[in-house]
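Undergrad:
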Amino acid sequence: MKRMVKFFTLIVSLLLLAMPVLAQSGETPMTRFLEANGAVTCEASPGFQCVDITVPLDHTNPDNGETIDISFAVIPAGNPEARRGMFVTVVGGPGYSGLYAADVYSSYFYPEVFENFDVVFFDQRGIGQSEGVRCDDAALAYYLADTADQEALLDAAETFATGCMAAIDRPDLLPYLGTTQAVEDLELFRQAVGDEQFWLYGESYGTQFSQTYTAAYPERVAGLILDGVVDLTLEGADFYAGQDAAFENATTESLLACADDPACAAEFPDGAPDVFFSNFQAQLADTPITVDFVLADGTLAQRELSDPLLNAALYDAMYTEFGRAVFVRELAAAANGNYVPLLRHAYSALFLNPETLELEPDPSWSDGAYYAIDCSDYVYSLEQSDPVCPFWTLAQPPQERPAPLTAGVPTLILNATLDPATPVQNGYDVAARLPDAYSITMEGGPHVIYGRGGTCPDDQVTAFLVSGEVPAARESFCDGVIMTDYIPVLPVELTNVAEVLTRFDQNRESAPQYLYWDVVTPFAMGCDFGGTVSYEAADAGEMMTFDACGFVPNVFVTGTGMLDYDTGIFTLNATLSGELSGDVVFTRVGLYATDAVNPEVEVTSGS
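Residue numbers (our numbering): 455 to 1061.
1) Take Tyr659 and list the residues in its own chain whose beta-carbon comes closer than 7 angstroms to its own, dropping the five residues that flank it on each side.
2) Between Leu919 and Phe541, how many whole angstroms is the CB-CB distance? I'm expecting something under 8 angstroms.
3) Using 8 angstroms as the threshold, is the C-beta distance between Leu1017 and Glu996 below it?
4) Exposed or buried, Leu754, counting other C-beta atoms within 10 Å across all chains shown (16 or more means buried)?
5) When the Cα atoms are used, what is the spatial distance from Asp714 to Asn1008?
6) Alpha carbon to alpha carbon, what distance is there between Thr871 and Met896?
7) What are the boundary residues of the beta strand (DSSP E) that Asn1027 is part of?
8) From which residue to which residue does the alpha helix (DSSP H) around Asn950 run?
9) Report the residue ranges of all alpha helix (DSSP H) runs contained in full by the stretch 957-1002; include only those spanning at least 4 residues, in chain order.
10) Quick one: what's Leu1017 bridged to in DSSP?
11) Roughly how many angstroms separate the alpha carbons of Gly881 and Gly822, rounded to a whole number?
12) Is Arg579 buried or exposed, if buried means 16 or more other CB atoms sit within 10 Å of its CB?
13) Going by CA-CA distance only, name the one from Thr687, Ala787, Ala750 that's closest to Phe731.
14) Buried or exposed: Tyr970, going by 16 or more other Cβ atoms within 10 Å of its Cβ?
15) Can you have a look at Gln478 and say buried or exposed, based on whether 16 or more other CB atoms are within 10 angstroms of its CB?
16) Tell me whether Tyr597 sits in a helix, a strand or coil according to DSSP, three-state version.
17) If you drop the 5 nearest sequence neighbours on each side, which residues of the same chain put their C-beta closer than 8 angstroms to that of Pro815?
18) Could you check the C-alpha separation between Leu678 and Leu688 for me, to the nearest Å?
19) How far does the beta strand (DSSP E) with Pro510 in it extend, from its first residue to its last?
20) Checking the sheet assignment: what are the DSSP bridge partners for Asn869?
21) When you compare the CB positions of Asp572 and Ala531, do they come within less than 8 angstroms of one another, or not?
22) How would you write the range of the alpha helix (DSSP H) that Thr661 sits in, first residue to last?
23) Fully enclosed by the stretch 910-954, which beta strand (DSSP E) runs are 3 residues long or longer?
24) Among residues of its own chain, excluding the 5 on either side of Phe1005, which ones have a beta-carbon nearer than 6 angstroms to its beta-carbon?
25) Output the boundary residues of the alpha helix (DSSP H) element that contains Ile827.
26) Quick check on the DSSP output: the beta strand (DSSP E) that includes Gly539 runs from which residue to which?
27) If you compare alpha carbons, which of Leu944, Tyr559, Tyr940 is closest to Leu709?
28) Entirely within the stretch 747-792 and at least 3 residues each: give me those beta strand (DSSP E) ranges in chain order.
29) Taking Val1057 and Gly1036 to be in contact with their CB atoms under 8 angstroms, please state how far apart those CB atoms are, rounded to whole angstroms.
30) Could you check the C-alpha separation between Leu1045 and Ala965 for me, to the nearest Å?
31) Express the C-alpha separation of Thr482 and Phe845 in angstroms, rounding to a whole number.
32) From this set, Thr949, Tyr793, Pro976, Tyr825, which residue's C-alpha is nearest Asp746's C-alpha?
33) To test your reading of the DSSP string, which unbroken beta strand (DSSP E) runs of 3 or more residues are found completely within the stretch 545-602?
34) Taking C-beta to C-beta, are Glu809 and Leu749 nearer than 8 angstroms?
35) Please report the residue range of the alpha helix (DSSP H) in which Val794 lies.
36) Is it true that the stretch 737-744 meets the stretch 754-773, where meeting means three or more beta-carbon pairs spaced less than 8 angstroms apart?
Below, the structure is given as structure tokens:
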């Protein structure tokens, strides 16, 4: 789960102010290309200019007249005289939109990257603005299906494959969405811009794409960065087996980290989070738990927490250090009888409206594209692929995998030891075959480590791009963590009003509806233990209104809160009821409740 997209709005605003000035400072092959092809501001990432190119639908038969338009997002190099060429990012999935990712990802690039490179993202064929294919309802049903045994799994996979292909508006595209077709689109874009070489960064599935492109056109790649590596020598079944083990390892290490933290362990029976999780999984696999879920109008809805919902929250959480800490907190809440945080997380991971349980698809992601590409790239037999692929009939037979990269292209291999999606051994094995490769491994860490706020990998990647500098050693390491600092769910002393309100504030902040709020549209939600909270934008931040709102057991808050972005101060003026009563003014410094400094409370009446 990504932390706090709310305040990213501020970063985008800075990009919008800065980047057009940089882009207009001189003429380059890219600026000429953009002008000649009618580039416009990208709707999904307004800091970028978007442009389409028309390419053959089938690159193996380019003269048959069928075409497809591919959308690219570009910020031209800020210093034309220092321009080194294009820096192209291939995002993961497959199924994630590069156009949606562009503003977010590039906000972490160092200024030197924008000065020296045309920064390029794109929507791969079949994704987003490049004739995106979708089957969201079929995907949701598949992820919620009971797949307790192999027969049930295959039944669900067949039902999904049939339903997904039927739901896609352009089924005629499906045979042509594989990676070997898509890399030719990027090559035609390079030719259209006119650069002899460019720098290529792939993350997760993007490493599969980038290796495939580099194998086909090694002379065109000035430098290659593979982050969260897929080893193309593995068959599908072997890759997925490794991935399953990596997810299990990330979960185990997160629970062990909790057990080693007295504040975390204390919130679980007998101080054993791993035992609780194992028993909890078994309980849900047998019988779902009925949960009282408070809606935005304060009424109760009966919901069920099931094994598939627990897994949705778990798999979403394991991708990042922050997500792991969030999941452990949600488990701690469940260990103390509050299942609402896990439900909220699962709903968010599955793009379900928590009020109505209606599907609200994420425009940046497509499960339909994921399977259309994946089932084209891997042999579709029951023994060698994802269980969906044997039933995915609208795909060309997988083409021969590219030969493993061997030499000739300077390459950085980025890994994290707790990457759950692309196991670290993949990166080690690819690096071992490349005499021109330099491996940078983060201890612990997330899935994908560049552009995630860590100076160790980011400094080395930037030096590689801007000056061609490679690490001093073939293998180097970056410090990392298993999960971010644990924040207790429950106050230790109910009589300590400052501690109670700190926990209230932190639990409130962790709700996905708030974490992913756009800070524009007013909204309301139910609180975990009853009552409601509503949010709206204010001139200098955001305003909250609480009505008998409970985010800690047996304490209810009625009043208003104000978070001032300029000062970083949150102030709550409220009346407490339940096991605490009275009027209070609670203040903390820090944009995030989890980073609060010296929270203070003034009790103006009551006790």
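Using N, Cα and C, we set each Cβ at its ideal position, and we do this for glycine too. From a predicted model like this one, the values you see are computed outputs, not experimental measurements.
TA: Reading from the atomic positions:
1) Answer for Tyr659: Gly546, Gly547, Pro548, Val684, listed in chain order.
2) Going by Cβ atoms, the distance from Leu919 to Phe541 rounds to 6 angstroms, so yes, they are a contact pair.
3) A contact, by the Cβ cut-off of 8 angstroms.
4) Flag for Leu754 reads exposed.
5) Rounded to the nearest angstrom, the two C-alpha atoms are 29 angstroms apart.
6) Cα-Cα distance, rounded: 6 angstroms.
7) That run of the beta strand (DSSP E) goes 1023-1032.
8) Looking at the DSSP string, Asn950 is not in any alpha helix (DSSP H), and its letter there is neither H nor E.
9) Runs of the alpha helix (DSSP H) lying entirely within the stretch 957-1002, each at least 4 residues long, are 966-969 in chain order.
10) DSSP lists Glu996, Phe1024 as partners of Leu1017.
11) Straight through space, the alpha carbons of Gly822 and Gly881 are spaced by roughly 27 angstroms.
12) Looking at its Cβ environment, which holds 16 or more other Cβ atoms inside 10 Å, Arg579 is buried.
13) The shortest Cα separation from Phe731 among Thr687, Ala787, Ala750 belongs to Ala787.
14) By the neighbour-count rule (16 or more Cβ atoms within 10 Å), Tyr970 is not buried but exposed.
15) Because Gln478 carries a pLDDT of 46, less than 50, the predicted location of this residue cannot be relied on, and the following value inherits that uncertainty. Gln478 should be labelled exposed.
16) In the structure shown, Tyr597 adopts helical secondary structure according to DSSP, grouped into three states.
17) Residues Arg588, Asp590, Phe805 of the same chain have their beta carbon placed closer than 8 angstroms to that of Pro815, with the five preceding and five following residues left out of the count.
18) Distance between the alpha carbons of Leu678 and Leu688 is about 20 angstroms.
19) It spans 503-510 - the beta strand (DSSP E) in which Pro510 sits, taken as one unbroken run.
20) Partner(s): Thr895.
21) It is a contact, given that the beta carbons lie within the stated cut-off.
22) Thr661: member of the alpha helix (DSSP H) spanning 659-670, first to last residue.
23) Counting whole runs of 3 or more residues, the stretch 910-954 contains the beta strand (DSSP E) stretches 929-932.
24) When the five nearest sequence neighbours on each side are left out, the beta carbons in the same chain lying within less than 6 angstroms of the beta carbon of Phe1005 are those of Phe958, Asn961, Arg962, Cys981, Asp982, in order along the chain.
25) From DSSP, the alpha helix (DSSP H) with Ile827 extends over 821-831.
26) Going by DSSP, Gly539 is part of the beta strand (DSSP E) stretching over 539-544.
27) Relative to Leu709, the option among Leu944, Tyr559, Tyr940 whose CA is nearest is Tyr940.
28) Runs of the beta strand (DSSP E) lying entirely within the stretch 747-792, each at least 3 residues long, are 754-759 in chain order.
29) Yes, they are in contact, since the Cβ atoms of Val1057 and Gly1036 sit about 6 angstroms apart, within 8 angstroms.
30) Distance between the alpha carbons of Leu1045 and Ala965: 16 angstroms.
31) Near 48 angstroms, if we compare the C-alpha coordinates of Thr482 and Phe845.
32) Among Thr949, Tyr793, Pro976, Tyr825, the Cα nearest to that of Asp746 is on Tyr793.
33) Within the stretch 545-602, the complete beta strand (DSSP E) runs of at least 3 residues are 571-576.
34) In contact: Glu809 and Leu749 (Cβ atoms closer than 8 angstroms).
35) Under the DSSP assignment, Val794 falls in the alpha helix (DSSP H) whose first and last residues are 794-803.
36) A contact between stretches requires three or more CB pairs, one per stretch, nearer than 8 angstroms, and the stretch 737-744 meets this requirement with the stretch 754-773.
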